[in-house]
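Chemist: In the numbering used here, the protein residues as written are 9 to 326. Every residue gets a Cβ at the ideal spot worked out from N, C-alpha and C, and that includes glycine.
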């Protein structure tokens with residue numbers, strides 16, 4: 009007779025290649041009820057302006073997240089002991105080619121997560137998905153944001169659409185979801201055909217840290233600046249994998265050389281501990297452009313770093 013493993017089996021201790029590929033081997037859940045941190049996939053890349061493939065990001069990041077273990081090697085803290093963490097699966101779409109319906113379905117999914125009091129941690133998907141996530145998280149009042157990215161994503165329209173992955177934070181400011189005075193964009197670089205995005209960010213009150221400033225000032229100084237900008241209020245982290253140099257993350261839609269290293273990225277994220285974090289995402293992992301899987305591994309590892317921060321935030325708010 010087969011033994012019942014349900015009471016004693018720990019998936020964290022199983023070989024990394026075995027068992028279901030949930031985010032971080034966390035248990036799957038159908039609802040956010042009773043969950044502190046809900047890890048979610050949004051397999052959508054219908055708003056990209058260059059290379060597609062980010063729709064495959066959540067599946068590959070899940071796969072690579074099985075490489076993560078439980079105890080952080082620096083802090084020696086275990087987020088799974090601090091909080092109830094579960095994989096809520098993917099947002100389901102009924103009209104994947106209808107951008108407005110996609111936005112509505114993402115917002116609806118996350119509104120349920122927020123209603124249950126869970127903190128969402130998301131794997132995208134292209135960066136357009138952050139706008140409807142913010143619609144759910146900031147429905148009552150605007151929040152601050154730390155964005156790590158090669159691009160400001162504050163352009164207006166592209167090819168007739170106001171909802172491309174280059175526009176989510178302009179849209180979020182326009183409808184009062186994002187407080188631009190509590191928003192910092194780190195790692196911005198790359199030539200553009202127009203200064204529209206940079207201009208909007210600066211004129212609306214956002215703080216842009218171009219890559220050259222990060223290199224000259226150093227990671228520690230930019231951490232201090234980010235903490236000063238967002239202050240004590242509720243804050244969201246949005247990490248576009250193209251913020252990393254393509255030497256570390258080639259599998260993304262709009263790569264820009266001269267970017268952040270994985271070591272710098274980990275130091276940056278760890279420096280945000282203590283901020284009142286209400287959610288986060290890692291987006292733009294495009295597995296078809298990286299057969300080595302290193303981009304998905306970078307995405308999963310950054311998500312684990314953020315998971316640890318979110319767990320500490322949850323504990324502080326109890």
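I need the straight-line Cα distance from residue 139 to residue 177, nearest angstrom please.
Modeler: Position 131 of the chain shown, counted from the start, is the residue given in the question as residue 139. Position 169 of the chain shown, counted from the start, is the residue given in the question as residue 177. So the two alpha carbons sit approximately 7 Å from each other.
Chemist: I'd like the ranges of any beta strand (DSSP E) spanning at least 3 consecutive residues and lying wholly in the segment 65-100.
Modeler: 93-98
Chemist: Helix or strand or just coil, what does DSSP make of residue 46?
Modeler: What you label residue 46 is simply residue 38 of the chain shown in a count that begins at 1. In the structure shown, residue 46 falls within a strand segment according to DSSP collapsed to helix, strand and coil.
Chemist: Tell me which residue opens and which closes the alpha helix (DSSP H) that residue 177 is part of.
Modeler: Position 169 of the chain shown holds residue 177. It spans 176-182 - the alpha helix (DSSP H) in which residue 177 sits, taken as one unbroken run.
Chemist: Anyone know if the C-beta pair for residue 99 and residue 169 falls short of 8 Å?
Modeler: What you label residue 99 is simply residue 91 of the chain shown in a count that begins at 1. What you label residue 169 is simply residue 161 of the chain shown in a count that begins at 1. In this structure, residue 169 does not lie closer than 8 Å to residue 99 by Cβ.
Chemist: Looking at the structure shown, is residue 248 part of a helix, part of a strand, or coil, going by DSSP?
Modeler: For the purposes of this step, residue 248 is taken as the residue at position 240 of the chain shown. Residue 248 falls in the strand class under three-state DSSP.
Chemist: Which residue wins for smallest C-alpha separation from residue 181, given the options 254, 164, 231?
Modeler: For the purposes of this step, residue 181 is identified with residue 173 of the chain shown, where counting begins at 1. Minimum Cα distance to residue 181 is reached at 164.
Chemist: For residue 202, which three-state DSSP category applies?
Modeler: Walking along the chain shown from the start, residue 202 turns up at place 194. DSSP places residue 202 in coil when its eight states are reduced to three.
Chemist: Using 8 Å as the cut-off, can you tell me whether the segment 273-289 makes contact with the segment 243-260, which would need three or more C-beta pairs spanning the two stretches below that distance?
Modeler: yes
Chemist: Using CA coordinates, which residue listed in 54, 299, 280, 309 is at the minimum distance from residue 270?
Modeler: For the purposes of this step, residue 270 is identified with residue 262 of the chain shown, where counting begins at 1. Here the closest residue by C-alpha is 309.
Chemist: Let me check one thing: in DSSP terms, what residues is residue 153 bridge-paired to?
Modeler: Within the chain shown, residue 153 is the residue found at index 145, counting from 1. Note: residue 153 sits in a beta bridge opposite 191, 244.
Chemist: In the structure shown, what three-state DSSP assignment does residue 215 receive?
Modeler: Numbered from its first residue, the chain shown carries residue 215 at position 207. Three-state DSSP puts residue 215 in a strand.
Chemist: If I measure Cβ to Cβ from residue 179 and keep anything under 6 Å in the same chain, skipping five residues before and after, which residues do I get?
Modeler: Reading the chain shown from its first residue, position 171 is the one you call residue 179. Cβ neighbours of residue 179 beyond the five flanking positions: 139.
Chemist: Sorted by chain position, which residues of the same chain lie with C-beta nearer than 6 Å to residue 296's C-beta, five sequence neighbours on each side aside?
Modeler: The sequence position of residue 296 within the chain shown is 288, counting from 1. 61.
Chemist: DSSP three-state call for residue 276: helix, strand or coil?
Modeler: By one-based count along the chain shown, residue 276 stands at place 268. It is helical.
Chemist: Among all the DSSP beta bridges, which residues are the ones paired with residue 166?
Modeler: What you label residue 166 is simply residue 158 of the chain shown in a count that begins at 1. 169.
Chemist: Determine the direct distance from the alpha carbon of residue 220 to that of residue 332, and round the result to whole angstroms.
Modeler: An answer regarding residue 332 cannot be provided, because it is not within the stretch 9 to 326 covered by the chain.
Chemist: Specify whether the segment 314-323 and the segment 118-136 touch according to this definition: at least 3 beta carbon pairs, one from each stretch, less than 8 Å apart.
Modeler: yes
Chemist: Taking the alpha helix (DSSP H) that residue 260 falls in, what are its first and last residues?
Modeler: Translated into positions along the chain shown, residue 260 becomes position 252. Per DSSP, residue 260 lies in no alpha helix (DSSP H) segment and is marked neither H nor E.
Chemist: Taking C-beta to C-beta, are residue 314 and residue 238 nearer than 8 Å?
Modeler: Residue mapping note: residue 314 aligns to position 306 of the chain shown, counting from 1. Residue mapping note: residue 238 aligns to position 230 of the chain shown, counting from 1. No, the Cβ-Cβ distance between residue 314 and residue 238 is not below 8 Å.
Chemist: If we ignore side chains and look at the alpha-carbon of each, how far apart do residue 121 and residue 109 end up?
Modeler: Stepping through the chain shown from its first residue, residue 121 is reached at position 113. Stepping through the chain shown from its first residue, residue 109 is reached at position 101. Each residue's Cα considered, the two are about 19 Å apart.
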